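The next block holds one structure in the form of structure tokens; read it before the comments.
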Amino acid sequence: QQQVKQSPQSLIVQKGGISIINCAYENTAFDYFPWYQQFPGKGPALLIAIRPDVSEKKEGRFTISFNKSAKQFSLHIMDSQPGDSATYFCAAIYDSSASKIIFGSGTRLSIRP
Amino acid sequence: DTEVTQTPKHLVMGMTNKKSLKCEQHMGHRAMYWYKQKAKKPPELMFVYSYEKLSINESVPSRFSPECPNSSLLNLHLHALQPEDSALYLCASSQDPRQGATEAFFGQGTRLTVV
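Here the protein sequences come in this chain order: P and A.
Counting from -13, one number per residue, gives the positions in the first sequence under this note's numbering.
Counting from 92, one number per residue, gives the positions in the second sequence under this note's numbering.
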């Protein structure tokens, strides 16, 4: 119940294309869903985040779509660029005594020039 | 300023050594975390401090000892580590936990190699 399932494991997209990464969860106690971008040898960097009462959030080329009834959410990267090549983690957080982050397994994204 | 600073960036230690990892944030965050990340895997939670008190210990071996001296600092003391403990150790912080779940900001990590 604490898992966040992420797919695909790896993704190759042509420059200018749309990259789509999907995540699903079971625990309805999760109430915050961030996405992180990580480059090799670096820490994860917060990309965009959404709460379950919102169906979509857009920041620049990055959009989160959220389907509360299906318990699924996805990241869309529009006009994908080679600099977007990185590993992306979806995550889910529920509040207890502190915010415990549950990460998806990660997607390695490669953008071909 | 959304920066979490970790030192050192790289650390090589023998199995009998004692060393410490340090983490600092000045965002006024009241929750701080230690994560361990192996290659091609997601970060794995080790410890959570909330208001300088240890609130979560994910059954981490006692050779890892966390410490939170004040609201801005977090240490991880290492002793008698094993080669399989080699990994990227990440510190993170997030806002007041009493105000509900929010995202965490991560440092750049310490690349630890145990020889």
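Cβ coordinates follow ideal geometry from the N, Cα and C atoms, glycine included.
This one's a predicted model, so the numbers in the text were calculated from it and none came from an experiment.
Collapsed DSSP secondary structure at Q199 of chain A in the structure displayed: The sequence position of residue 199 of chain A within the second sequence is 108, counting from 1. In this structure, Q199 of chain A counts as coil in the three-state DSSP scheme.
Cβ contact (3+ pairs, closer than 8 Å) linking the stretch 44 to 55 of chain P and the stretch 97 to 113 of chain A: Contact between the stretch 44 to 55 of chain P and the stretch 97 to 113 of chain A is absent, because fewer than three Cβ pairs lie under 8 Å.
Within chain A, partners of F75 of chain P - CB distance below 7 Å: As a position in the first sequence, residue 75 of chain P is number 89, starting the count at 1. Listed along chain A, the residues sitting closer than 7 Å to F75 of chain P by beta-carbon distance are P133.
Cβ pair S71 of chain P, S91 of chain P closer than 8 Å: Numbered from its first residue, the first sequence carries residue 71 of chain P at position 85. Numbered from its first residue, the first sequence carries residue 91 of chain P at position 105. In this structure, S91 of chain P does not lie closer than 8 Å to S71 of chain P by Cβ.
Top-ranked residue by Cα proximity to E158 of chain A, from A:G198, A:E94, A:A122, A:P134: Here residue 158 of chain A refers to the residue found at position 67 when the second sequence is read from its first residue. Of the listed residues, the one whose Cα sits closest to E158 of chain A is A:A122.
Residues that T49 of chain P bridges to, as DSSP identifies them: Working through the first sequence from its first residue, we reach residue 49 of chain P at position 63. According to DSSP, which records beta bridges pairwise, T49 of chain P is partnered with P:K44, P:H62.
P30 of chain P versus Q128 of chain A - alpha carbon distance: Here residue 30 of chain P refers to the residue found at position 44 when the first sequence is read from its first residue. Here residue 128 of chain A refers to the residue found at position 37 when the second sequence is read from its first residue. Using only the alpha carbons, I get a separation of about 11 Å.
Cβ pair V95 of chain A, K86 of chain P closer than 8 Å: The residue given as residue 95 of chain A occupies position 4 in the second sequence. The residue given as residue 86 of chain P occupies position 100 in the first sequence. For V95 of chain A and K86 of chain P, no; Cβs fall outside 8 Å.
Cut-off 7 Å between Cβ atoms - residues of its own chain near E115 of chain A, not counting five sequence neighbours on either side: For the purposes of this step, residue 115 of chain A is identified with residue 24 of the second sequence, where counting begins at 1. Answer for E115 of chain A: T96, S163, L164, listed in chain order.
As assigned by DSSP and simplified to three states, the class of P152 of chain A: Walking along the second sequence from the start, residue 152 of chain A turns up at place 61. Three-state result, P152 of chain A: coil.
Cβ shell of A35 of chain P (< 6 Å), same chain only, five flanking positions each side left out: On the first sequence, residue 35 of chain P is found 49 positions in, with the first residue counted as 1. P20, listed in sequence order.
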